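Residue numbers (full-length UniProt numbering): 1 to 205.
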């Protein structure tokens with residue numbers, strides 16, 4: 001059972017992560033955050049920061065891992081929800097847009113740092129996106145008689161479409177966001193049906 005010191009250390013670490021997320025905006029990327037600002041919002045002295053993270057880069061990489069894990073968990077839950085009925089594409093898109101609406105700063109982190117100057121961040125985000133693709137490809141393989149290459153290619157296309165739409169949705173009013181959501185669902189269905197048609201044509205040729 002963790003002692004009080006370990007519990008407090010965990011709370012402070014959580015406060016630092018939350019403080020960093022809170023300071024991310026459309027105009028302020030992680031590279032613009034200062035250790036002092038993050039520590040101040042978390043309610044600790046700047047020197048105490050180093051008891052929890054080696055530097056700001058380690059904090060940022062921890063945040064990337066957290067966003068990726070949270071989003072993958074939500075997508076898994078969305079796929080399980082279709083057992084009660086409904087379209088996996090529609091439910092997954094709804095879940096993804098809910099995530100963006102309630103956690104815009106988390107998504108800002110993925111968008112900004114995926115093309116930022118830090119190779120460590122770019123590598124970490126590329127790894128998270130690969131996790132999305134691999135999990136989706138596994139799901140597609142489980143539901144269809146596709147080759148591994150075809151399932152993976154379809155998954156790559158779907159993830160690219162979803163993340164591109166997510167970037168567009170961040171600054172949209174609700175009515176335009178709803179239109180974007182409908183268009184994304186249509187695009188994903190076209191991709192899925194085209195993939196299904198191609199698979200059947202290949203098998204029958």
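Glycine included, each C-beta is placed from N, C-alpha and C at the ideal position. Keep in mind the model is a prediction, meaning the values are calculated, not measured.
Between residue 90 and residue 185 the beta-carbon gap is near 6 Å, inside 8 Å, which marks them as a contact. Within the stretch 35 to 74, there are no complete beta strand (DSSP E) runs of at least 3 residues. For residue 89, the enclosing alpha helix (DSSP H) starts and ends at 88 to 102. Residue 197 sits in a helix when the DSSP states are folded into three classes.
Rounded to whole angstroms, the Cβ separation of residue 45 and residue 33 is 17 Å, and the two are not in contact under 8 Å. DSSP, read as helix, strand or coil, puts residue 146 in coil. Each of 69, 7, 121, 169 was checked against the Cα of residue 93, and the nearest Cα belongs to 169.
Nearest Cα to residue 72 within the set 54, 95, 51: 95. Excluding five sequence positions before and after residue 125, the CB atoms of its chain that fall closer than 7 Å to its own CB belong to 64, 110, 113, 114, given in chain order. Contact check between the stretch 155 to 168 and the stretch 133 to 147: three or more CB pairs, one atom from each, fall below 8 Å, which counts as touching. For residue 52 against residue 16, the beta-carbon gap comes to about 6 Å, under 8 Å, which counts as contact. Here DSSP, grouped into helix, strand and coil, assigns residue 18 to helix. The three-state reading of DSSP puts residue 3 in coil, since its state is none of H, G, I, E or B. In the three-state scheme derived from DSSP, where H, G and I count as helix and E and B as strand, residue 28 is classed as coil. Exposure of residue 102 is indicated by the presence of fewer than 16 other C-beta atoms within 10 angstroms of its C-beta.
Shortest Cα-Cα distance from residue 118 to any of 7, 61, 160 involves 61. Residue 127 and residue 160 have their C-alpha atoms some 14 Å from each other. Rounded to the nearest angstrom, the gap between the Cα atoms of residue 81 and residue 48 is 43 Å.
Non-local beta-carbon contacts of residue 36 in its own chain, meaning distances under 8 Å to residues more than five positions away in sequence, involve 46 in chain order. A residue is called buried once 16 or more other Cβ atoms fall within 10 Å of its Cβ, and residue 194, having fewer, is exposed.
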